[in-house]
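**Student:** Numbered per this note's numbering, the sequence shown finishes at 102, counting up by one with no gaps.
A virtual CB, placed ideally from N, CA and C, is assigned to each residue, including glycine.
As the structure is a computational prediction, the values presented were derived from the model and not from experiment.
Let me give you the structure first, and then I'll get to my questions.
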Amino acid sequence: SLAASMQGSILVYGCEDVIKVWNSERKADVCSLKGHTSDVTCLAMSKENGRIFSGSKDKTIKVWDVETETEEFTLQGHSQAVLAIDIDHSEKFILS
Numbered sequence: 007s008l009a010a011s012m013q014g015s016i017l018v019y020g021c022e023d024v025i026k027v028w029n030s031e032r033k034a035d036v037c038s039l040k041g042h043t044s045d046v047t048c049l050a051m052s053k054e055n056g057r058i059f060s061g062s063k064d065k066t067i068k069v070w071d072v073e074t075e076t077e078e079f080t081l082q083g084h085s086q087a088v089l090a091i092d093i094d095h096s097e098k099f100i101l102s
C-alpha cells in the first residue's frame, strides 16, 4: 500500500507490518512506524495535520503522528482484515 502527501514530498508505504515514511526531497526513509501485528494493507494521509492512517490484516486501524513518529491511537472492532481506508475532508471520520 502507498499514500502521498498533498505536496508530494512525503510518501508512506507498508512493508509487511511496518509503515515506512519516505522523504522524496532527501531521497531517504525518514522513519519506520511499528505497531501492527500483521501486514499493512492500506494507508491514507492527512492533508493538514501530519497524520497517517493505516489498516492491517490484524483487523485494526492505527492513527500515527508523523512529526513525533508515534501511534496516537488504535481502532478495533473489525471482524476481518481492513482492506481499504479513507478520511473525509474534515478529518473527523475514517472510512474503512
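For C37 versus V88, is the C-beta spacing smaller than 8 Å?
**Tutor:** It is not a contact, given that the beta carbons lie outside the stated cut-off.
**Student:** For D45, which three-state DSSP category applies?
**Tutor:** Three-state DSSP puts D45 in coil, outside helix and strand.
**Student:** Does the distance from the C-beta atom of Q86 to that of K65 stay below 8 Å?
**Tutor:** Yes, these two residues count as a Cβ contact at 8 Å.
**Student:** Inspect the beta-carbon positions of D23 and S7 and report whether they are closer than 8 Å.
**Tutor:** Result no, Cβ atoms of D23 and S7 do not sit closer than 8 Å.
**Student:** For S52, I'd like the list of residues in its chain whose CB is within less than 8 Å of its CB, leaving aside the five on either flank, ordered along the chain.
**Tutor:** Counting only Cβ-Cβ distances below 8 Å, and skipping sequence neighbours, we find I58, F59, I93 and E97.
**Student:** Under a three-way DSSP split, which group does I91 fall into?
**Tutor:** DSSP places I91 in coil when its eight states are reduced to three.
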